[in-house]
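Quick note, the sequence shown lines up with residues 1 to 250 if you use UniProt numbering.
Backbone N, C-alpha and C fix where the C-beta goes; we use that ideal spot for every residue, glycine too.
These numbers come from a predicted model, not from an experiment.
Working notes, structure below.
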Amino acid sequence: MITTPNLEKFRQGDFVQYMNNVLEILTATQANNLLVANQRNNLKALTEELNATWQPIVGSELTPEIEAIDRQRDLIFTGFKLTLDNWASNHYYPEWRNAAFMLSDNIAGHGERITLMRYQQQTATFNAIINDFENELLVHLQTLNLQDWLAEIKTLNTTFNEMYVKRTQAISGHQPGLIDELIGKTTIVFRQLKSIFEARFAVAVADGAYIVPEFQQVENEWSMLGQQYNDAVSRYSGSEADESKGNEAA
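As structure tokens, then:
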């Protein structure tokens with residue numbers, strides 16, 4: 001039996017690549033020899049449609065710029081936070097220690113590992129922190145003379161959000177839910193191929209057919225592929241809730 005892939009847990013990119021890999025393992029010639037050519041052709045057609053739809057989304061020309069801006073705002077915010085944390089404990093002016101503590105404590109109240117949040121969650125969190133610092137906590141920010149640092153974070157956060165919206169608009173020409181719809185159709189066709197392949201293999205074994213070694217080779221490679229993908233899924237699915245950019249088509 002072929003190792004069953006946990007398709008429902010695959011990220012979209014993993015799903016697309018897995019189907020491409022299956023078609024590489026079960027070639028057109030082998031599918032013809034093993035009497036599953038029609039099923040492979042059906043999978044190939046849908047996989048090609050998936051590839052054509054998926055690539056423009058992940059290949060958006062705005063993606064590198066978005067990632068660069070995100071890295072920059074993460075770096076600057078991290079430096080800002082570490083400075084506040086350090087001053088809150090170690091600054092030699094009590095007034096500065098207190099001001100730094102108030103700001104550091106506010107950031108902590110907005111959640112842990114802010115720079116690991118998903119793109120838009122992180123953007124919203126930064127907006128909330130900036131709003132706090134520019135209003136009720138402004139006196140503490142001014143005490144530490146960190147207005148320019150906060151202004152830089154605000155500029156980067158605004159720029160990031162604008163670029164993210166542009167990217168969303170750039171891919172909005174794709175029908176909403178089209179990828180999910182194609183994945184659903186491809187899953188059905190894939191399972192039909194797998195089921196018929198296994199049935200044909202069982203018949204070949206029972207009949208002692210000469211084609212059994214070819215079935216066995218494909219099954220071994222297909223099973224190994226599924227296990228590799230399942231292992232990868234198990235590694236990232238456990239921390240999915242805390243993950244940020246890994247599963248976004250960025």
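Please return the same chain residues whose Cβ sits closer than 8 Å to the Cβ of residue i, not counting the five positions on each side in sequence.
i	result
V218	I25, L26, Q30, L34, F197
Q147	L141
I107	K81, L84, I114, I129
Are the beta-carbon atoms of residue i and residue j separated by less than 7 Å?
i	j	result
N6	N220	no
I183	F77	no
T159	I66	no
S223	T3	yes
L178	T83	no
I215	A204	Sequence check: residue 215 is Phe here, not Ile. Going by C-beta atoms, F215 is nearer than 7 Å to A204.
A88	T143	no
Determine the DSSP secondary structure at residue i, reduced to helix, strand or coil.
i	result
I2	coil
M117	coil
L35	coil
F10	coil
G79	helix
N210	A quick correction: the sequence has Tyr, not Asn, at residue 210. If DSSP states are grouped into helix, strand and coil, Y210 belongs with coil.
E136	coil
L146	coil
Does the CB of residue i have a neighbour CB from chain C at under 7 Å?
i	result
G109	In the structure shown, chain C does not exist; there is a single protein chain.
Could you spell out the range, first to last residue, of the alpha helix (DSSP H) harbouring residue i?
i	result
L26	Per DSSP, L26 belongs to no alpha helix (DSSP H) and is neither H nor E.
N98	94-109
Could you pull out every residue in the same chain whose Cβ sits closer than 6 Å to the Cβ of residue i, ignoring the five residues on either side in sequence?
i	result
L225	N21
A28	none
Excluding the five sequence neighbours on either side, which residues of its own chain have a C-beta within less than 7 Å of the C-beta of residue i, listed in chain order?
i	result
Q227	T3
Original post:
Is the stretch 100-108 touching the stretch 121-134, taking contact as three or more C-beta pairs under 8 Å?
Top reply: yes
Original post:
For the 8 Å Cβ check, are there 3 or more pairs between the stretch 43-57 and the stretch 177-194?
Top reply: yes
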